[in-house]
Amino acid sequence: MRILATLLQKEFKQIFRNRFILPVIFILPVVQLILLTYAASLEMKDIRMVVVDMDHSTVSRRLVNEFSGSPFFRIVHRGSSYPKASELLTRDRADVILVMEPRFEKDFYREQSTDLQLAINAINATEAGLVNAYCTQIIAGFNNELRSQFQGGALQIGNTRLDISPRFWYNPMLDYKIYMFSGILVILVTLIGMMLTALNLVREKEMGTSEQINVTPIRKYQFIIAKLTPFWFIALLELAVGLVIGRILFHLPIEGSLLLLFSFATVYLLAVLGIGLFLSTISSTQQQVMFVAFFFIVTFILMSGVFTPTESMPPWAQKANILNPAAYFMRVIRMVLLKGSGLQDIGRDFLGISVYAAVTLTLAVVNYRKTT
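Here this note's numbering = 1-based position in the sequence shown + 135.
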């Protein structure tokens, strides 16, 4: 124990002496956590719309007012020429064109049906889907309002009034920042645990200090524990600081047990540290380990469900996600914080990440060679 305590003291001193690594550990993650939470959002609040109104009726003007009154749309041009509107869309001066043909109002009141056209810039498929959803929602609400007035009262089916009052569980205000904050926090904790561990061990190789340690009576398990423990502790500290920032700045709800969350994070970090240790054993320089780690980190992040739900992935990708440790933590942190899930709800993920941690640490320790 005395040898292990001495090694741990040495590692912590080495970390705090490094003027480059301290900002990377304590300042950059906080800045990224705040900036990315605001930036990485699927909410659109400045959709540029061009209106082509060939009817110039009361109904068409009311519909345009519905869009101009929405916080998500900005009317950049109004006219009656579709070629002009199409030119603006082609030149990327607009995101969507709303076209109302002549007789728009007359067809609605006489035939009780009329046509609208939405031309959406779909270069970005995700953006186009959101624009279509926003437009459809506004048009549907306006349609129900007109029909209610046309029928002389509220929308009715027979003699029964139909009222729809949606209720959104776990995120009543549909605040996307709450959803993104937890995901970005997982990414930052993963980066600290994996990247810094791998870089620290490879740096020892480049400086030659690992060769000096190899000729000492220090056992392999003592050396590995001393290398992994500081970054395990720092990553848990980053998680705690991140939760405090989320609570203060973004009013992050904490519905579940923090003890359960940190217990899962403890095991999760063992898996991540094991990956970092394994990558360091197969790399000779910091450049090599950064390239290899970059491949794994990008894959883990994109398949973790931070931006898109994993349920929308193809079946083969969902099965392959079993090998993605970030997917476990991404799912658990949102379940515990937002839904208040307990151990019985995340038990399967807890067991899975425990097996994952045991396998990665075993592979890393076996692959590490300490020669004397």
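Quick reminder that beta carbons are idealized off the backbone N, C-alpha and C, glycines included.
So what's residue i in DSSP terms, helix, strand or just coil?
i: residue 417; result: coil
i: residue 254; result: strand
i: residue 391; result: coil
i: residue 507; result: Low confidence applies to residue 507: its pLDDT is 36, below 50, so where it sits in the model is not reliable, and the reading given next is rough at best. Residue 507: coil per DSSP, three-state reduction.
i: residue 381; result: helix
i: residue 291; result: In this prediction, residue 291 has a pLDDT of 47, which is less than 50 and means its spatial position is unreliable; nothing more can be read from the coordinates.
i: residue 150; result: helix
i: residue 466; result: helix
i: residue 214; result: strand
i: residue 296; result: Bear in mind that the predicted position of residue 296 carries a pLDDT of just 49, short of 50, making it unreliable; the figure below should be weighed with that in mind. In the structure shown, residue 296 sits in a strand (DSSP, three-state: E or B).
i: residue 429; result: helix
i: residue 227; result: coil
i: residue 237; result: coil
i: residue 248; result: coil
i: residue 444; result: coil
i: residue 353; result: coil
i: residue 279; result: helix
i: residue 259; result: coil
i: residue 242; result: helix
i: residue 155; result: coil
i: residue 459; result: coil
i: residue 139; result: helix
How would you write the range of the beta strand (DSSP E) that residue i sits in, first residue to last?
i: residue 197; result: No beta strand (DSSP E) holds residue 197; the alpha helix (DSSP H) holding it covers 193-203.
i: residue 472; result: Counting along the chain, residue 472 falls outside any beta strand (DSSP E), and DSSP gives it neither H nor E.
Write down the C-beta distance between residue i and residue j rounded to the nearest angstrom, noting that I regard them as a contact closer than 8 Å.
i: residue 447; j: residue 315; result: The pair is not a contact, with the Cβ atoms about 17 Å apart (cut-off 8 Å).
i: residue 199; j: residue 223; result: Wrong, their Cβ atoms sit about 16 Å apart, outside the cutoff.
i: residue 419; j: residue 340; result: 6 Å
i: residue 306; j: residue 473; result: 6 Å
i: residue 150; j: residue 365; result: 6 Å
i: residue 441; j: residue 465; result: 6 Å
i: residue 407; j: residue 374; result: Actually they do not touch by this definition, with Cβ atoms about 12 Å apart.
i: residue 488; j: residue 396; result: Rounded, the Cβ-Cβ distance is 13 Å, inconsistent with contact.
i: residue 400; j: residue 371; result: 6 Å
i: residue 380; j: residue 138; result: That belief does not hold up - the Cβ atoms of residue 380 and residue 138 are roughly 38 Å apart, past 8 Å.
i: residue 416; j: residue 493; result: Between residue 493 and residue 416 the Cβ distance is about 17 Å, and since that is not below 8 Å, they are no contact.
i: residue 342; j: residue 411; result: No, residue 342 and residue 411 are not in contact; Cβ-Cβ is about 18 Å, not under 8 Å.
i: residue 194; j: residue 239; result: 7 Å
i: residue 265; j: residue 179; result: 5 Å
i: residue 160; j: residue 327; result: 7 Å
i: residue 462; j: residue 439; result: 5 Å
Over the uninterrupted alpha helix (DSSP H) stretch that includes residue i, give me the two end residues.
i: residue 313; result: 311-342
i: residue 173; result: 163-174
i: residue 489; result: 478-502
i: residue 304; result: Careful: residue 304 lies outside any alpha helix (DSSP H) and carries neither H nor E.
i: residue 450; result: 450-455
Which residues share a DSSP beta bridge with residue i?
i: residue 208; result: 182
i: residue 438; result: Paired residues: none, contrary to the question.
i: residue 232; result: 185, 254
Kindly examine the ligand MG and report whether one of its heavy atoms sits closer than 8 Å to the Cβ of residue i.
i: residue 431; result: Judged by which ligands are present, the structure shown has none, so any question about the ligand MG falls away.
Sufficient close CB pairs (3 or more, under 8 Å) joining the region 309-323 to the region 163-176 = Short answer: they touch.
Segment contact, 8 Å Cβ cut-off, at least three pairs: the region 426-442 with the region 321-334 = Touching, per the Cβ criterion.
Is it a yes or a no for the region 488-507 touching the region 434-443, going by three-plus beta-carbon pairs under 8 Å?
-> In short, these stretches do not touch, since the Cβ pair count stays below three.
Answer yes if the region 185-195 comes into contact with the region 211-218, meaning at least three C-beta pairs across the two stretches below 8 Å, and no otherwise.
-> Judged by Cβ distances under 8 Å, the region 211-218 makes contact with the region 185-195, as three or more pairs qualify.
Contact between the region 200-210 and the region 149-164 (3+ Cβ pairs under 8 Å) = Result no; under three Cβ-Cβ pairs closer than 8 Å.
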